[in-house]
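Trainee: Sending over a structure as structure tokens; questions will come in a sec.
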Amino acid sequence: MADPVQIQRLPHDAYIDAVRWLPHFSTFTRHILLAAFDSDTSTPSLQTIQFSPSQSASSVTPQSLLPLPSRITSLRTCSSAFNPSRPIIAASTFSGSLLFLTADLIHGSLNLEFSVAEKGFHNGSVSGIDLSDNGSECVSVGEEGRINLISLEEEEGGFRRVFDSTGLVSYSAVKWASPVEFVTGGVGRFSLHWWDQRKPGGPVVLFKENWTDWGTTSGIVHSIDIHPSRKYTCLAGGSSGTVFAWDIRSPKESTILSSVGLNDAPTHSLVESDVWEVQYDNYTHSSKISNQSSSRILPAMTCSEDGILAVIEHGQQPTELLAEPCAINSFDIDRQNPSVFNCAPFNIIDTATLQDVVCSLEWESLAILTRP
Amino acid sequence: MPGVMSDSGNYDALAIIPHSSDASNPRIYSIRSHGLTDPLARLSISWARGNTLRVSLLQSDAVDEQRPGGQVLEVKLTSAEGGEISGAQWRKIAYGSVAPFSLLQSRKNSIEASRYKKDWWEHVMEYSREISSLLGNSNSSPSPIIEDAKVILKKVEEPISLKAAWELMEIFYADKQAQIWLPERLVDWLADYDCLLSGTQPTVHLKLVAFQKGLVTIQTVENDTEYWETLSSALAVGWLDVVVKLLRMHGSYLFDQLGKREIENGLVEAVALLISQMTRLRPDVPAKRLGECYNTKSEFMKAWEKWRAQITKLDCSAFWLQCDHQQTRAGLKNMLQIMLGNASILSNVTYHWIELYISHFLYIRPFTVGLESMYSLAQKCMQSKPISSRHKLMGLIIGILEENTEVILAECSRSFGPWMITHAIELLTAGSTQAEILIREQQPKLGGICIEELHRLGYSQILSSHALTWNIAPIYLTSCMKQGLGLLENLLYEQPVQHQQVLLKSLEICRLNGLDYVGNSLMKIAGVHYWKHGKKGSAVFWLQEARDELRLNRIAKHLFDFVGKSVSDESFKQWEGMLELLGSESRTAGGLEFLKRYRDFRKSLQQVSEGITTDAACISAEMLISLMKNPSTPQQFWLSLLFDSLKLLNWKDRPLLNVAQTNLLLNKLQELSLARLRPDFVDSDLPPEALKSVRLALASNLGRAILQE
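These protein sequence lines map, in sequence, to chains L and A. In terms of my numbering, the first sequence opens at residue 3 and continues consecutively. In terms of my numbering, the second sequence opens at residue 53 and continues consecutively.
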């Protein structure tokens, strides 16, 4: 742990709407997927870039670029069971369509497989999507209050309407909890709804905050994460630097990990404005996790409008990984741990646990963090 | 006005042709429109953000459902050449300069408070270095391990004139340490940026580039006149490392020649040694540059005299007579003359006046101090080397040497743009009190603002005109005392609220700058926008955030029309999400408050219909009374509320309502019957006998209640 976190900032000459790691294919190179918007030519595009980590100087090379008709609102990737070199990509657009693509990591190309057309799908932009673990189903939510399911295995371009709130609720984020359950986040008082496809007609459980001394009683949930090992606990981040965990087994209770509006917030909060993305951070060694009781919330990484990338641990001071003068719009943790990298010039393969985080910064650049 | 050109009926080929009297060639911007084949009914053109035009193409009414009714396109009007710096690079500079600028401003504020200005220039220098690093690295390329013997000029990234201008400002205004060795800093400056001047004028750099190109084909360099000319030129402007490297290419160094040309080689080496030992009045030289440095004038003076004595001694040496190679002898002698400061030779071997100027500093007047004497020297050099076309950097240098703040400001603004002037003013005011007074003084002809503010406002307008940079404009606007806040408000109101991200960004800017009232208005605008677009949930959310009871009440009336009015109605389930939004009692909900009570009442009614305890029924009855008493309960709900509660009114065990309560309900019923006569009355979709049965139930309840009392 003596080595500091390595930070690499890469200007990109285009606004980055979303960023994701693509599943590993080779041990020495990693691929980053970007949804970019070139403001000079007004062209949105999806791009893959190759990242070769190395102790001395990691290098980044652009690999492929696919122009798109509309800007991307949300991006998800998933490895393909049939062909590991062609991971599946789902991308939702501002114009209200959903695109499914595959990335050919060997030949360096992006191929559009099929898309769900705008008409009748969502009215306005698609605000959030999530791919199921095996990549067979995709759930999408919109500001206008529709929730749709798209099966990647059935006929192309079809979708199923799960719910339509007719505008009474605006959804902003969605995350699968199990093959049949998912959680939506929306505009309101940190609105979280738990859905079960076996019980159609409406949400099964609604989160009701009972936070006292709450200065700003309302907020928008921008991002949700659920750990595969603890599917009842839902981690959410949103307005006023708020990050909390909600266990659906006790829907009236929640654990606040960070917030500014709350007087009885358990820890000092680093972030004062919107938390754009939350993800469970699997960086902590697995032995440590097993020692923790199940009531303890796993460590979470967040990025925020005020430019802070931090790790929040239940009952501890948050750790700041990156502080930028501009907003950090999104980030992604490389889930495949440990990574192997080449120690130039000796060609010794170092199998030390390394973990990379890629962030998209508001000022048209990327940052890649390598944690020892 | 741009005209619209269309050939035949093909609307994929629309174009806008700019019309101006001075441009000889009109530029055509083609517009790509998808799926618009029918004749266009209307076309409207308006300005969008920055220099983009918004073109709205509307089709005629007779278009079927499948096709769009029209299209809105944006056309970016840009100059074709684009200039030295691309849009993306400009943005990168703009982003990068935010942090140093705001740090300097906050330091300025804290220092002004404590009246401690002694080390101010150190902060300015830090700022200047950070800004300078944004404009490109001067020595970025790593040197190869094995250097090519034939490469005299290392290939570096072409510097931009903006960086050259910035460094000039830094040399003259920010770097107080460099004041003593100002001439030497100019030598370094020219070494870095002489290539920029090559575009308009022959320069030493150009000469070197040309020689480098021909070098591979030359067999014996010392026979080539170009070689000696290049050597003298490079020596004159003080590029000692280049000169020494070139000298070592001399043929006498070759192993097979060494024996025959010993004397000649000795002379070449002696000159090379003298060059590398040249005395310099500066604290140090960068790596790989040559010269012996002296910090103080007296030490330098001594060393310089000694050095010149050595040159003179070599010049008078008898070895020259023994040197057979005529070109070598003439060339080396010429170089010695340059080092001794022979003005006419210096003038011969330099091209641009600034090169001559630098050579004077190096070999004739190393002690030139004070801008006045520097300016008079510059004038002399300009007279001897008049230039046909003036480079924009020269305008700036002359302005600086003239000590004319107005000229400097004009040159910065005209040649290098609003970014430069906004950021360079910090250097100018730090380095010159006279400039500071001029720049910070309130000018009545500028409407009471100072020059500094004027330029900051101008720069923030440019930032505001781009979708990716508008959110850094507030940093500059908030540093403007007079007009900044007003323009910031305008900027925030101009942002499109329909994009939630932009709205949240605007609100964040409001929060950081304490503009709560602007944020409040933005939330109201957003609320109304979402309401109009059917996003009822978001609308209520933003209006609640803005605590806008007035609008909440107004939309409540419309919302109630959607609510199912019967307990059994399943559609009420989807209102759960909305009700959750309304939250606790303390929140501003306006008329929407009713929805919550209505929901609670329905819940308890449902419990009553499931179970049969009198206590639960009592609670429900209480809720009914409070709902009916509450003025916010809309009239259209009265009857359905009562109709749903028939079971309560006909409770078997005992009457649940007392006389007063029953009378209240009867009064409400009466009021309702009267209201039916009004034209705006909304009839409920209840069965027609509903009113009758409610009336009957109330009457019988009244009877029972009277009996019980």
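Ideal Cβ placement from N, Cα and C applies to all residues, glycine included. The structure presented is a predicted model; accordingly, all values stated were derived computationally and were not measured.
Could you tell me whether any Cβ in chain A is nearer than 8 Å to the Cβ of L/S94?
Mentor: Locating residue 94 of chain L in the first sequence gives position 92, counting from the first residue. Chain A contact via Cβ: absent.
Trainee: Counting pairs of Cβ atoms below 8 Å between the stretch 478-494 of chain A and the stretch 272-281 of chain A, do you hit three or more?
Mentor: Counting Cβ pairs under 8 Å, fewer than three are found: no touch.
Trainee: Decide yes or no for the touch test of the stretch 231-250 of chain A against the stretch 403-415 of chain A: beta carbon pairs closer than 8 Å, at least 3 of them.
Mentor: A contact exists between the stretch 231-250 of chain A and the stretch 403-415 of chain A.
Trainee: Please look up how many angstroms separate the CB atoms of A/L287 and A/V295, rounded, as I've assumed it's under 8 Å.
Mentor: As a position in the second sequence, residue 287 of chain A is number 235, starting the count at 1. As a position in the second sequence, residue 295 of chain A is number 243, starting the count at 1. A/L287 to A/V295, Cβ: 5 Å. Contact.
Trainee: Specify the secondary structure class of A/I514 as computed by DSSP and reduced to three states.
Mentor: Position 462 of the second sequence holds residue 514 of chain A. Here A/I514 sits in helix by DSSP.
Trainee: Is the CB of A/E126 under 8 Å away from at least one CB in chain L?
Mentor: Along the second sequence, one-based indexing puts residue 126 of chain A at 74. Closer than 8 Å: yes.
Trainee: Does DSSP classify L/I291 as helix, strand or coil?
Mentor: On the first sequence, position 289 is the one that residue 291 of chain L refers to. Unreliable placement is indicated for L/I291, whose pLDDT of 48 sits below 50; the coordinate value is still reported in the next sentence. Correct three-state label for L/I291: helix.
Trainee: Taking 8 Å as the threshold, find out whether the stretch 64-75 of chain L comes into contact with the stretch 39-55 of chain L through three or more Cβ pairs.
Mentor: Segments in contact, yes.
Trainee: With a threshold of 8 Å between beta carbons, is L/L208 in contact with chain A?
Mentor: Position 206 of the first sequence, counted from the first residue, corresponds to residue 208 of chain L. For L/L208, the answer is yes, since a Cβ of chain A falls inside 8 Å of its Cβ.
Trainee: Which residues, in chain order, does the stretch 177-203 of chain L contribute to contact with chain A at a C-beta distance below 9 Å?
Mentor: Answer in chain order: G188, V189, G190, R191, S193, H195, G203.
Trainee: Thinking C-alpha only, which one of A/Q596, A/Q309, A/E222 is nearest A/L234?
Mentor: Taking the second sequence and counting its residues from 1, one reaches residue 234 of chain A at position 182. Cα-wise, what sits closest to A/L234 is A/E222.
Trainee: By DSSP's criteria, L/Y173 is part of a beta bridge. Which residues make up the other side?
Mentor: Walking along the first sequence from the start, residue 173 of chain L turns up at place 171. DSSP lists L/G188 as partners of L/Y173.
Trainee: Where does A/C433 fall in DSSP's three states?
Mentor: Here the question's residue 433 of chain A lines up with position 381 in the second sequence. If DSSP states are grouped into helix, strand and coil, A/C433 belongs with the helices.
Trainee: Mapping the DSSP letters down to three states, classify A/V619 as helix, strand or coil.
Mentor: The residue labelled residue 619 of chain A in the question sits at position 567 within the second sequence. Legend: pLDDT at A/V619 = 49, less than 50; position of this residue unreliable, value from coordinates given subsequently. Note: A/V619 maps to coil in three-state DSSP.
Trainee: Run through DSSP, which three-state label would A/Q111 get?
Mentor: On the second sequence, residue 111 of chain A is found 59 positions in, with the first residue counted as 1. Three-state DSSP puts A/Q111 in a strand.
Trainee: Report the start-end ranges of each alpha helix (DSSP H) in the stretch 362-392 of chain A that is 4 residues or longer and not cut off at the edges.
Mentor: Listed in chain order, they are 371-374, 378-391.
Trainee: Relative to the alpha-carbon of L/V176, which residue among L/L272, L/S99, L/L77 has its alpha-carbon at the smallest distance?
Mentor: The count along the first sequence starts at 1 and reaches residue 176 of chain L at position 174. Ranking L/L272, L/S99, L/L77 by Cα distance to L/V176 puts L/L77 first.
Trainee: Closer than 7 Å, Cβ to Cβ, to anything on chain L: give me those residues from the stretch 577-600 of chain A, in chain order.
Mentor: Within the stretch 577-600 of chain A, the qualifying residues are G586, K587, K588, G589, S590, F593, Q596, E597.
Trainee: Should L/G240 be flagged as near chain A, meaning a C-beta pair shorter than 8 Å?
Mentor: Start at 1 with the first residue of the first sequence, and residue 240 of chain L comes out as number 238. So, not an interface residue.
Trainee: Tell me where the beta strand (DSSP E) around L/A325 begins and ends.
Mentor: The count along the first sequence starts at 1 and reaches residue 325 of chain L at position 323. Start and end: 321-325.
Trainee: How many Å lie between A/L759 and A/L716 at the Cα?
Mentor: Residue 759 of chain A sits at position 707 when you count from the first residue of the second sequence. Residue 716 of chain A sits at position 664 when you count from the first residue of the second sequence. Taking the straight line joining both Cα atoms gives about 18 Å.
Trainee: In the structure shown, what three-state DSSP assignment does L/R22 receive?
Mentor: As a first step, residue 22 of chain L is located in the first sequence; it is residue number 20 there, counting from the start. In the structure shown, L/R22 sits in a strand (DSSP, three-state: E or B).
Trainee: Count the other CB atoms within 10 Å of the CB of L/H14; is the residue buried (16 or more) or exposed (fewer)?
Mentor: As a first step, residue 14 of chain L must be located in the first sequence, where it is residue number 12. That one is buried.
Trainee: Return the Cβ separation of L/S60 and L/S111 in integer angstroms, given the expectation that the two are a contact with Cβ distance under 8 Å.
Mentor: The count along the first sequence starts at 1 and reaches residue 60 of chain L at position 58. The count along the first sequence starts at 1 and reaches residue 111 of chain L at position 109. Not a contact, Cβ separation roughly 23 Å.
Trainee: What are the partner residues of L/N150, as DSSP defines its beta bridges?
Mentor: Here residue 150 of chain L is taken as the residue at index 148 of the first sequence, counted from 1. Looking at the DSSP assignment, L/N150 forms a beta bridge with L/S142, L/R163.
Trainee: Just by C-beta distance, which residues in the stretch 138-161 of chain A are closer than 7 Å to chain L?
Mentor: Answer in chain order: G139, A140, R143, K144, Y147, V150, A151.
Trainee: Roughly how many whole angstroms lie between the Cα atoms of A/L461 and A/K444?
Mentor: The count along the second sequence starts at 1 and reaches residue 461 of chain A at position 409. The count along the second sequence starts at 1 and reaches residue 444 of chain A at position 392. Rounded to whole angstroms, A/L461 to A/K444 spans 13 Å at the Cα level.
Trainee: Rank A/T331, A/W522, A/N386, A/I677 by C-alpha distance to the C-alpha of A/N710 and give the top, closest one.
Mentor: Taking the first residue of the second sequence as 1, we reach residue 710 of chain A at position 658. For the residues A/T331, A/W522, A/N386, A/I677, the minimum Cα distance to A/N710 belongs to A/I677.
Trainee: Would the stretch 561-579 of chain A and the stretch 128-140 of chain L be scored as touching if the rule is three or more Cβ pairs under 8 Å?
Mentor: Result no; under three Cβ-Cβ pairs closer than 8 Å.
Trainee: With DSSP as the reference, label L/P205 as helix, strand or coil.
Mentor: As a position in the first sequence, residue 205 of chain L is number 203, starting the count at 1. The answer is coil: DSSP assigns L/P205 none of H, G, I, E or B.
Trainee: Where does the unbroken beta strand (DSSP E) through L/A312 begin, and where does it stop?
Mentor: Reading the first sequence from its first residue, position 310 is the one you call residue 312 of chain L. Note, L/A312: beta strand (DSSP E), 310-314.
Trainee: With 8 Å as the limit, tell me which residues of the stretch 540-560 of chain A have their beta carbon closer than that to any beta carbon of chain L; keep them in chain order.
Mentor: Cβ contacts with chain L: Q552, L556, K557, E560.
Trainee: Let me see if you follow: with CB-CB separation under 8 Å, is A/A230 close to chain L or not?
Mentor: Indexing the second sequence from 1 puts residue 230 of chain A at position 178. No - not a single Cβ of chain L is within 8 Å of the one on A/A230.
Trainee: Which chain L residues are close to A/E632, counting only those with a beta carbon under 8 Å from its beta carbon?
Mentor: Indexing the second sequence from 1 puts residue 632 of chain A at position 580. Per Cβ cutoff of 8 Å: G190, R191, S193, L208, K210.
Trainee: Can you tell me which of the three DSSP states L/A383 falls into?
Mentor: Residue 383 of chain L is absent from the structure shown; chain L starts at 3 and stops at 374.
Trainee: Cβ of A/E741 less than 8 Å from any chain L Cβ?
Mentor: Within the second sequence, numbered from 1, the residue matching residue 741 of chain A stands at position 689. It does not; no Cβ of chain L falls within 8 Å.
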